[in-house]
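All residue numbers for the sequence shown refer to our numbering, where the first residue is 6 and numbers rise by one.
C-beta atoms are modelled at their ideal positions from N, C-alpha and C, and glycine is treated no differently.
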Amino acid sequence: MTSKLFETYALNDQISLQNRILMAPLTRCMADDKLVPTDAMADYYARRADAGLIISEATIIRPDAQGYPNTPGLFTSEQIDGWRKVTDAVHAKGGKIFAQLWHTGRVAHPHFFNGDKVLAPSAEKVDGTVPRMRDLSYITPTPATLDDINQLIADYSQAAGNAIDAGFDGIEIHAANGYLIDQFLHYDSNTRTDKYGGTPENMSRFALQVIDAIADRIGAERTAVRLTPGAYFNMQADPRDRTVFDYLLAQLELRTLAFVHIGTFDDAMEFDFLGGRVSDYVRANYSKTLVGVGGFTPQSGDQALRDERFDLLAIGRPFIANPDYVEKVRQGETLTPYSEEMLETLV
6 MTSKLFETYA
16 LNDQISLQNR
26 ILMAPLTRCM
36 ADDKLVPTDA
46 MADYYARRAD
56 AGLIISEATI
66 IRPDAQGYPN
76 TPGLFTSEQI
86 DGWRKVTDAV
96 HAKGGKIFAQ
106 LWHTGRVAHP
116 HFFNGDKVLA
126 PSAEKVDGTV
136 PRMRDLSYIT
146 PTPATLDDIN
156 QLIADYSQAA
166 GNAIDAGFDG
176 IEIHAANGYL
186 IDQFLHYDSN
196 TRTDKYGGTP
206 ENMSRFALQV
216 IDAIADRIGA
226 ERTAVRLTPG
236 AYFNMQADPR
246 DRTVFDYLLA
256 QLELRTLAFV
266 HIGTFDDAME
276 FDFLGGRVSD
286 YVRANYSKTL
296 VGVGGFTPQS
306 GDQALRDERF
316 DLLAIGRPFI
326 ANPDYVEKVR
336 QGETLTPYSE
346 EMLETLV
């Protein structure tokens, strides 16, 4: 029986994929001090071009978006040129690549951009310290004003345009995992009382405005979004969150995006207020192209595609350990296990 993992898949009439395996976005913190992608990053992505689609590591849209060291940007000409080396290398190997656009919101830190504040929906501080820089504690964020929000929407749109200029085939909006857009979508982090808070429609407004602005800029067929109704990170669960995602997913159903990507860390994640597994909740509320992720083996991933739980499957850490993941799976070869020390180098 032929694995569905190796079937071609048309995202739309503009973009077709050579297989259904996506390389998930993986934060590597390997850009240079100006947040420019390096030659080593170009080699790293090119070695994985057999994936149906690569989603880049999360890439910040402007300086105050940064919450981790040496994460690449897409807001200077040097960064665009650096990413063009990456996209050229991937395309030379026959691959396709989307840029994942990122603002970390309340888990940004002024250390990285010599500022004095970080923006978020509300002045709700997250506990803890910056990953890889444990001497930096998070600060209480400043609630974004309406002018701030309008500028953020414009900056997301500009970053998407920059991504296309850099040669990316499209972009994925990072609206998941406790970062800025996701912070608007959850009651724990959004206590606003204006048109961006308090109701599902208001709390979804910023996400939809960003999506629509980018779709207008580069085309809906090149615009995707990553969401996490569950998989809480730097955030507390609240049963009311379901009403926000009920509304948001219904709105996304009305649009024609490249795909929606579920940002769970483990597909087995369940929440009573979502009726069980997070991914099953999303599938029940979104009928278009859906990307699953979270601990799949080639065998369980193939079965999930056969069961039509997802249309595409994103693979994360195994791609770090196995640059030739696609070919190894195709040939039935044993995969190299992932280990934490692999994060220290680009291979």
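Asked	Found
Looking at the structure shown, is Ile144 part of a helix, part of a strand, or coil, going by DSSP?	coil
DSSP state of Gly175, grouped into three classes?	strand
Is there contact between the region 189-196 and the region 224-244, where contact requires at least three CB pairs shorter than 8 Å?	yes
Thinking just about the alpha-carbon of each residue, which of Phe118, Arg227, Asp174, Val123 is nearest to the one in Arg111?	Val123
Where Asp362 and Leu310 are concerned, what is the direct C-alpha to C-alpha distance, given to the nearest angstrom?	Because the chain here runs from 6 to 352, residue 362 falls outside it and cannot be looked at.
Does DSSP put Thr134 in a helix, in a strand, or in coil?	strand
Need the endpoints of the alpha helix (DSSP H) that Leu253 sits in, please.	246-258
Going by C-alpha distance, which of Gln23, Thr13, Ile154 is nearest Phe189?	Ile154
In terms of DSSP beta bridges, what is Leu232 paired with?	Ala180, Ile267
Going by alpha carbons, who is nearest to Pro42 out of Phe118, Ala289, Ser82?	Ser82
Excluding the 5 residues preceding and the 5 following Thr341 in the sequence, name in chain order all residues of the same chain whose CB lies nearer than 7 Å to its CB.	Ala326, Asn327
Within this structure, are the beta carbons of Val265 and Val298 separated by less than 8 Å?	no
Which term fits Thr350, buried or exposed, when burial requires 16 or more other beta carbons within 10 angstroms of its beta carbon?	exposed
With distances taken from CA atoms, which of Pro323, Asp37, Ile60, Ala36 is nearest Gly100?	Ile60
Classify Asn119: buried if its beta carbon has 16 or more other beta carbons within 10 angstroms, exposed otherwise.	exposed
For Lys293 and Glu258, I'd like the C-alpha separation in whole angstroms.	7 Å
Go ahead and label Lys90 buried or exposed: buried means 16 or more other beta carbons lie within 10 angstroms of its beta carbon, across all protein chains shown.	buried
Is it the case that the Cβ atoms of Asn182 and Thr134 are separated by a distance below 8 Å?	no
My output table needs one value for Glu349: the three-state DSSP class, helix, strand or coil.	helix
Can you give me the Cβ contacts of Ala104 inside the same chain, cut-off strictly under 6 Å, excluding the 5 residues immediately before and after it?	Ser61, Thr64, Ala168, Phe173, Ile176
Can you grab the Cα-Cα spacing for the pair Asp329 / Tyr14, in whole Å?	20 Å
Between Leu295, Ala225, Pro303, Ser21, which has its C-alpha nearest Arg314's C-alpha?	Leu295
Could you name the residues of the same chain whose beta carbon sits closer than 8 Å to that of Tyr291, not counting the 5 residues immediately before and after it, in chain order?	Leu254, Leu257, Glu258, Val265
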